[in-house]
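Asker: Number 74 in our numbering belongs to position 74 of the sequence shown; there are no gaps in the numbering. Don't be surprised by glycine CBs; every beta carbon is placed ideally from N, CA and C.
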Amino acid sequence: MPVQITITGENAKEALQEIGGLAFALVGAAAPVAEKPVKNKSQVAPTPTEIKQKEENTAEPVTETSVGEDFEVTVEDIRAKAAEVGQAGKKDEIKALLGEFKVKTISSVPAEKRAEFLAALEALVE
């Protein structure tokens, strides 16, 4: 049986967020995706955001501590969030954060520090 999933977004960043949300909903972990703009804006099925909102209304909220046990933050997760923060005009803050973690690049953030680094990036956009 063929399955077709349509991902839409106003820009590539939104489309990537939708893909990440779908991957998390399906397997409980974000899958790495290539950053290419989505050109097809026709909507055949509900978006992952709409599905997620419906699930959030019926499901118990997930806390960071429960996610941290089952979810490993990847370099791709950090890169996606850093791209979002950078587009918000906070590139200097990202560089300062790299300095705080004593690394030169996002890919050199140690695996055991990735969740903390991601949380610090998220705090920059709040």
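Applying the criterion that 16 or more other CB atoms from any shown protein chain within 10 Å of the CB defines a buried residue, is lysine 81 buried or exposed?
Answerer: Within the sequence shown, numbered from 1, the residue matching residue 81 stands at position 81. So lysine 81 ends up on the buried side.
Asker: Identify whether glutamine 4 lies in helix, strand or coil by the three-state DSSP scheme.
Answerer: In the sequence shown, the residue the question calls residue 4 occupies position 4. Coil at glutamine 4, not helix or strand.
Asker: What do you reckon, are the CB atoms on alanine 120 and lysine 13 nearer than 8 Å?
Answerer: Numbered from 1 along the sequence shown, position 120 holds the residue referred to as residue 120. Numbered from 1 along the sequence shown, position 13 holds the residue referred to as residue 13. Cβ atoms of alanine 120 and lysine 13: not closer than 8 Å.
Asker: Considering alanine 80, what are the terminal residues of the alpha helix (DSSP H) in which it resides?
Answerer: Mapped onto the sequence shown, residue 80 falls at position 80. Start and end: 75-87.
Asker: To the nearest whole angstrom, what separates the beta carbons of isoleucine 7 and alanine 15, a pair I think is in contact under 8 Å?
Answerer: Within the sequence shown, residue 7 is the residue found at index 7, counting from 1. Within the sequence shown, residue 15 is the residue found at index 15, counting from 1. So it is a contact: roughly 5 Å between Cβ atoms.
Asker: Going by alpha carbons, who is nearest to alanine 111 out of Leu124, Gly20, Glu76 and Gly21?
Answerer: Your numbering for residue 111 matches position 111 in the sequence shown. Among Leu124, Gly20, Glu76 and Gly21, the Cα nearest to that of alanine 111 is on Glu76.
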